[in-house]
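J.: In order, the protein sequence lines correspond to chains A and B. When you line the first sequence up against my numbering, it's residues 1381 to 2035, in that order. When you line the second sequence up against my numbering, it's residues 47 to 188, in that order. For glycine and all other residues, C-beta sits at the position ideal for the given N, C-alpha and C. Quantities reported herein were computed from a predicted structural model and do not represent experimental measurements.
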Amino acid sequence: MTPHPLVTVKKTDFDAAVAIATKGTHCGMCRIDFLGTGLCPSGKKHGYLAYWPQGRMELIKHLADGTIQPTEALIEIAESCSLCGLCDKQCNFATQLRPEKVAQAIKDYVATLDTKDFLKIPKDAIVTGLQKIVGEKWATNDPVIIASYVRSIIAPNVPLDFYVVMPETTEQVSQIVQFANTNNLPFLPRSGGTALSVASPTVLANATNLEHGIIIDLLRMKKLEIHTESSTAVVGAGVTSFELQKEAYKHHLRANVAEAGAHVCANIATTGIVTTWGNSYGCFADNFIDLQLVDNDGVIKTHHDLEISNPYAVDNGFANISLSPPYILTETTVKLYPIFDDEEAVMVPFDNVEDALDAVIELGRRGVGLSLAVLSYKYLAEFICPTRQIATDFEDVCKNYLKLRYVLDVVCKKEDKKIVEDLLGYTIDESMLRTLILGSPKLASLKNSEFMKILSEETDPLRAIFAGPMKKHLEQGLEATPANIAKVYDEDLQDFFKKIYAKPEFTDVVWLHAFRILPSRLMRQRMAMGPGGAIWAGDKAHILKWIKMFSDVGDKHRLEHALGFISPLDNGKFIYIEYDYFYDHNNPEAAGRISKTLLETTEQSLVLGGIFTLINYLFKGIYRKEHVLYPLPKGLTVEEDTMFKDVLHSLLGDF
Amino acid sequence: MVKFLSDEWIEYGKEYIRRNLDPARDLGNLTTSVHGVIEHVPPTDSTTTFYLELQNGQLSDFILRVGATIPEKTPVFVITGTYGAYRDIFEGKVGTAMAILKNRIKLKGSKVEALKIIKQLDGLIDALRKVTDEFEEGPFPS
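Given below as structure tokens:
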């Protein structure tokens, strides 16, 4: 390939674009219209990940390090981007990145090449066979397109020996699976890809990703029907949580969904949609009334078929580990729930986890709250702060001045709010929450201020600021307006974000809980979820021991860590805990420490016993919670622990 | 080196295991048996089954038969997968435990018992890998 002289001229931009791409988080928020701007026209039209901002960010890294050569597909990928700037707005809201510069750099790069520089990728019999099933456009073996799937279903540093196929129907999925089996190729479905990307820098990459073979990208399976007469929705495998919720809300109904970018079917299959709404809406098989799936032989099965054996039962023992879905969930009919006119979000701050835990368990047992959880200061800061730096300062203010370590977070009806207030004395109401969202930059800037020093010397700074005489001063002092929060964004985006924050939903805490667009911000500082799970709510000492274990292992491996959330399940009988670790995902040494942490906390959770840790319920989301959660597994014996370690070594080698 | 699923593979495999694997050290004096059912064997898209038996860590039986079972044998475990899945295992692209846990191969029998002997199973596969480097290459007509 002869480099064009312009390559040198443009090199700085290209390198800058690669630097942006390296920070890419694979959060997938560029594939949902969460800001009401419309979707990336290129991605919407062409489907494959390479045509979306997320995919372009991945593939430019491969062009830069020479693991792929330009192909004819790269021309179309470059040309299909109109530089409309939507991706900058979406990505900035979530992670403050500017992917349009990446698209521009790819265009510039392509412009420097001669026609002869682009490889023509010949079709082989596999691509031809797949194209016969889905149509010519929707199956490919082009390495440029395949490279865009690295880190979200392909482990880094493996040969790009893959095909990508995008079916539109269950029948096509069935044919693809049969075709893969006949041709002795492994396959794996891909939905949002975020969970796979979280595993990607760690020792779990090979365990969860596809080694080679056929990637079945389910994005085109967009069937979405709301049935108001039964309060249900029929959802195809390509539909995201955000898209389902948006349709449900049009009918004054709500779905129990995962993070905005997660695909509903994949989330059901993987972990059974465990959310802060789970105590009232349910979890695992509570979430749906019917399923359609394709098994590993390509056979289509539906739950309403009366001839099938019990589809809801499963062995939850740790030996029944599944690292890949044993079927492809292609369509599900989920339950929808009424939205009440008097719903409100309230929070109660705590300075210690013990009291916060008591509160969430008590309210969970009483059935208070539609959504009910304890969040750590870390979650609160990451969710509401528009940039990572502001979140860091906000965390500092919470921890060191306000003594706000945890918040009880409740979305409830009016009568439930009264119970919360009666039990806990006071709440942070919606007006104050709105103030905290819009005023988060100002509050973060008060770090080290005299005001904060005075406040921290109060006997109960939380009560003083949220229920005492200082509340009024805080509300006035935070200058909480859309115009002020917009100032933290790049100058050319400030007008846009002023309008975004002026939209009622962006400061409506109930809406934010339902649509779950804010968790994507946790990926700015790469998060790795510890192997959380469910534990019996009645044994507080055991719960605290489990939380301490996560904390101790995090300290041991020198990781920033914090409790994510605690939420009750099954009428308050169980609580679900997520504990998170944070690290630089581009630092292999840090990723190594994360790997050790994830494996160690998994093993210790199993040894502690009385805990359903991730490994017990991964890919068991379609089964009844009564089978998944009952009975509580006992702690591993010494012999079982040795066996478990042997299995880990067999799976993952030395770590 | 011989072709995977050939008669020579069985003979060389037996010889290699008996000569190189120590019944106590490598195979834990294990007594167990496995049917390995291999589907979609090219080029005829047929099914082949091997039966492997250990008595106190000694290889006591290792045979191959066309079809989905060997009726006269009653194995402790049945491991079923496509030719491609087995090829990946014998080429070292994926470990046996990983193949089970990723649902690339199906295990009939106690998963707990299978995982207990995973070390020894890995040793056997590793031994058979050393005599096999010839596989049918695809793609194959559907």
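1. Whole angstroms are fine: how far does the CA of Val-140 (chain B) sit from the CA of Leu-2031 (chain A)?
2. Let's see if you can read the secondary structure: which residues bound the alpha helix (DSSP H) around Ile-1741 (chain A)?
3. Give the straight-line distance between the Cα atoms of His-1426 (chain A) and Asn-1864 (chain A), rounded to the nearest whole angstrom.
4. Flag Ile-171 (chain B) as yes if its beta-carbon sits less than 8 Å from any beta-carbon of chain A, otherwise no.
5. Does Ile-2002 (chain A) have its Cβ less than 8 Å from a Cβ in chain B?
6. Hey, how far is the Cα of Cys-1778 (chain A) from the Cα of Lys-148 (chain B)?
7. Please list the partners that Glu-1591 (chain A) has in chain B, where partner means a Cβ-to-Cβ separation under 8 Å.
8. Against Met-47 (chain B), what residues of chain A qualify as contacts under a CB-to-CB distance less than 9 Å, listed in chain order?
9. Just to confirm my understanding: we take Asp-53 (chain B), look at its own chain, exclude 5 residues before and 5 after, and list those with CB closer than 8 Å. What are they?
10. For a test of the three-state rule: what should DSSP assign to Asp-1960 (chain A), helix, strand or coil?
11. Going by the CB atoms, is the gap between Lys-1603 (chain A) and Glu-1711 (chain A) shorter than 8 Å?
12. Could you tell me which uninterrupted alpha helix (DSSP H) segments, each at least 4 residues in length, are contained entirely in the segment 1850-1917 of chain A, listed from first to last along the chain?
13. Please report whether the beta-carbon of Ile-1596 (chain A) lies at a distance below 8 Å from any beta-carbon of chain B.
14. Have a look at A:Arg-1814, A:Ala-1771, A:Leu-1419, A:Ala-1699 and flag the residue whose alpha-carbon is nearest the alpha-carbon of Val-1890 (chain A).
15. Which whole runs of the alpha helix (DSSP H) in the segment 1595-1664 of chain A are 4 residues long or more, in chain order?
16. Candidates A:Val-1790, A:Val-1514, A:Lys-2005, A:Gly-1972: which alpha carbon is nearest Ser-1947 (chain A)'s?
17. Of the choices A:Glu-1516, A:Asp-1494, A:Leu-1493, whose alpha-carbon is the least far from that of Lys-1503 (chain A)?
18. Taking Cβ-Cβ distances below 8 Å as the criterion, which residues of the segment 107-133 of chain B are in contact with chain A?
19. Quick one: give me the first and last residue of the alpha helix (DSSP H) that Pro-1968 (chain A) is part of.
20. With a threshold of 8 Å, are at least 3 pairs of Cβ atoms found where one atom belongs to the segment 149-160 of chain B and the other to the segment 53-70 of chain B?
21. Quick one: what does DSSP say Thr-1807 (chain A) is sitting in, helix, strand or coil?
22. Could you spell out the range, first to last residue, of the beta strand (DSSP E) harbouring Thr-94 (chain B)?
23. Looking at the strands, I want to know which residues DSSP matches up with Arg-1570 (chain A).
24. Using DSSP bridges, identify the partner residues of Val-1791 (chain A).
25. Could you pull out every residue in the same chain whose Cβ sits closer than 6 Å to the Cβ of Val-1387 (chain A), ignoring the five residues on either side in sequence?
26. Which residues share a DSSP beta bridge with Leu-110 (chain B)?
27. If you measure from the beta carbon of Val-80 (chain B) to each beta carbon in chain A, is any gap under 8 Å?
28. Do Val-1524 (chain A) and Ala-1401 (chain A) have their C-beta atoms closer together than 8 Å?
29. Identify, in the order they occur along the chain, each residue of the same chain with its Cβ nearer than 8 Å to the Cβ of Leu-76 (chain B), setting aside the five sequence neighbours on each side.
30. So, helix, strand or coil for Ile-163 (chain B), using DSSP?
31. With DSSP as the reference, identify every bridge partner of Val-1490 (chain A), one or two as the case may be.
32. Between the alpha carbons of Phe-1559 (chain A) and Leu-1510 (chain A), how many angstroms are there, rounded?
33. List the residues of chain B whose Cβ lies closer than 9 Å to the Cβ of Pro-1566 (chain A), in chain order.
34. Hey, does Leu-161 (chain B) have any beta-carbon neighbour from chain A nearer than 8 Å?
35. Would you mind telling me which residues of chain B sit closer than 7 Å to Ala-1699 (chain A), beta carbon to beta carbon, in chain order?
36. Using a Cβ-Cβ cutoff of less than 7 Å, which residues in the same chain neighbour Asn-1586 (chain A) once the five nearest sequence positions on both sides are dropped?
T.: Reading it off the structure:
1. Position 651 of the first sequence, counted from the start, is the residue given in the question as residue 2031 (chain A). Position 94 of the second sequence, counted from the start, is the residue given in the question as residue 140 (chain B). Approximately 9 Å between the Cα atoms of the pair.
2. For the purposes of this step, residue 1741 (chain A) is taken as the residue at position 361 of the first sequence. From DSSP, the alpha helix (DSSP H) with Ile-1741 (chain A) extends over 1733-1746.
3. The residue labelled residue 1426 (chain A) in the question sits at position 46 within the first sequence. The residue labelled residue 1864 (chain A) in the question sits at position 484 within the first sequence. Going by the C-alpha atoms only, they are around 38 Å apart.
4. Locating residue 171 (chain B) in the second sequence gives position 125, where the first residue counts as 1. No, Ile-171 (chain B) lies away from the interface with chain A (no Cβ there is under 8 Å from its Cβ).
5. Working through the first sequence from its first residue, we reach residue 2002 (chain A) at position 622. No - not a single Cβ of chain B is within 8 Å of the one on Ile-2002 (chain A).
6. One-based indexing of the first sequence puts residue 1778 (chain A) at position 398. One-based indexing of the second sequence puts residue 148 (chain B) at position 102. Distance between the alpha carbons of Cys-1778 (chain A) and Lys-148 (chain B): 43 Å.
7. As a first step, residue 1591 (chain A) must be located in the first sequence, where it is residue number 211. Ordered by position in chain B, the residues that pass the 8 Å Cβ test against Glu-1591 (chain A) are Asp-134, Lys-139, Val-140.
8. Along the second sequence, one-based indexing puts residue 47 (chain B) at 1. Near Met-47 (chain B) there are no residues of chain A at all, since even the closest Cβ is about 20 Å away, more than 9 Å.
9. Counting from one through the second sequence, the residue named residue 53 (chain B) turns up at place 7. Result list for Asp-53 (chain B): Leu-110, in chain order.
10. For this step, residue 1960 (chain A) is matched to residue 580 along the first sequence. DSSP places Asp-1960 (chain A) in strand when its eight states are reduced to three.
11. One-based indexing of the first sequence puts residue 1711 (chain A) at position 331. One-based indexing of the first sequence puts residue 1603 (chain A) at position 223. Yes, these two residues count as a Cβ contact at 8 Å.
12. 1850-1857, 1862-1866, 1874-1882, 1889-1895
13. Reading the first sequence from its first residue, position 216 is the one you call residue 1596 (chain A). No, Ile-1596 (chain A) does not count as interfacial toward chain B.
14. As a first step, residue 1890 (chain A) is located in the first sequence; it is residue number 510 there, counting from the start. Looking at the Cα atoms, A:Arg-1814 is the closest of the given residues.
15. 1621-1630, 1644-1651, 1658-1661
16. Your numbering for residue 1947 (chain A) matches position 567 in the first sequence. Nearest C-alpha to Ser-1947 (chain A): A:Val-1790.
17. By one-based count along the first sequence, residue 1503 (chain A) stands at place 123. For the residues A:Glu-1516, A:Asp-1494, A:Leu-1493, the minimum Cα distance to Lys-1503 (chain A) belongs to A:Glu-1516.
18. Thr-128, Tyr-129, Gly-130, Ala-131, Arg-133
19. Taking the first sequence and counting its residues from 1, the one referred to as residue 1968 (chain A) is at position 588. 1968-1988 is the span of the alpha helix (DSSP H), which, as asked, contains Pro-1968 (chain A).
20. no
21. Stepping through the first sequence from its first residue, residue 1807 (chain A) is reached at position 427. Here Thr-1807 (chain A) sits in coil by DSSP.
22. Along the second sequence, read from residue 1 onward, the residue named residue 94 (chain B) stands at position 48. Residues 92-101.
23. Position 190 of the first sequence holds residue 1570 (chain A). The partner list for Arg-1570 (chain A) (beta bridge, DSSP) reads A:Asp-1597.
24. On the first sequence, residue 1791 (chain A) is found 411 positions in, with the first residue counted as 1. BP columns for Val-1791 (chain A) point to A:Ala-1725, A:Ser-1751.
25. Taking the first sequence and counting its residues from 1, the one referred to as residue 1387 (chain A) is at position 7. For Val-1387 (chain A), the pLDDT reaches just 48, beneath the cut-off of 50, and the residue's location in the model is therefore unreliable, although a value from the coordinates is still provided. Closer than 6 Å at the Cβ level, and outside the excluded window around Val-1387 (chain A), lie Thr-1492.
26. Position 64 of the second sequence, counted from the first residue, corresponds to residue 110 (chain B). Bridge partners of Leu-110 (chain B): B:Phe-96.
27. On the second sequence, residue 80 (chain B) is found 34 positions in, with the first residue counted as 1. Chain A, which has no Cβ nearer than 8 Å to the Cβ of Val-80 (chain B), makes this no.
28. Translated into the one-based positions of the first sequence, residue 1524 (chain A) becomes position 144. Translated into the one-based positions of the first sequence, residue 1401 (chain A) becomes position 21. In this structure, Ala-1401 (chain A) does not lie closer than 8 Å to Val-1524 (chain A) by Cβ.
29. Locating residue 76 (chain B) in the second sequence gives position 30, counting from the first residue. Once the five neighbours on either side are set aside, the close Cβ partners of Leu-76 (chain B) are Leu-100, Asn-102, Gly-103, Ile-163, Gln-166.
30. Here residue 163 (chain B) corresponds to residue number 117 of the second sequence, with the count starting at 1. DSSP places Ile-163 (chain B) in coil when its eight states are reduced to three.
31. One-based indexing of the first sequence puts residue 1490 (chain A) at position 110. Answer is none; Val-1490 (chain A) lacks a bridge partner.
32. Along the first sequence, one-based indexing puts residue 1559 (chain A) at 179. Along the first sequence, one-based indexing puts residue 1510 (chain A) at 130. Between Phe-1559 (chain A) and Leu-1510 (chain A), the C-alpha separation is close to 8 Å.
33. The sequence position of residue 1566 (chain A) within the first sequence is 186, counting from 1. Simply Thr-128, Gly-130, Ala-131, Asp-134, Val-140, Lys-148, Arg-150.
34. As a position in the second sequence, residue 161 (chain B) is number 115, starting the count at 1. Judged by the 8 Å Cβ criterion, Leu-161 (chain B) is in contact with chain A.
35. The residue labelled residue 1699 (chain A) in the question sits at position 319 within the first sequence. Under the 7 Å cutoff, chain B gives Lys-157, Val-158, Leu-161.
36. The sequence position of residue 1586 (chain A) within the first sequence is 206, counting from 1. Only Ala-1535 meet the Cβ criterion.
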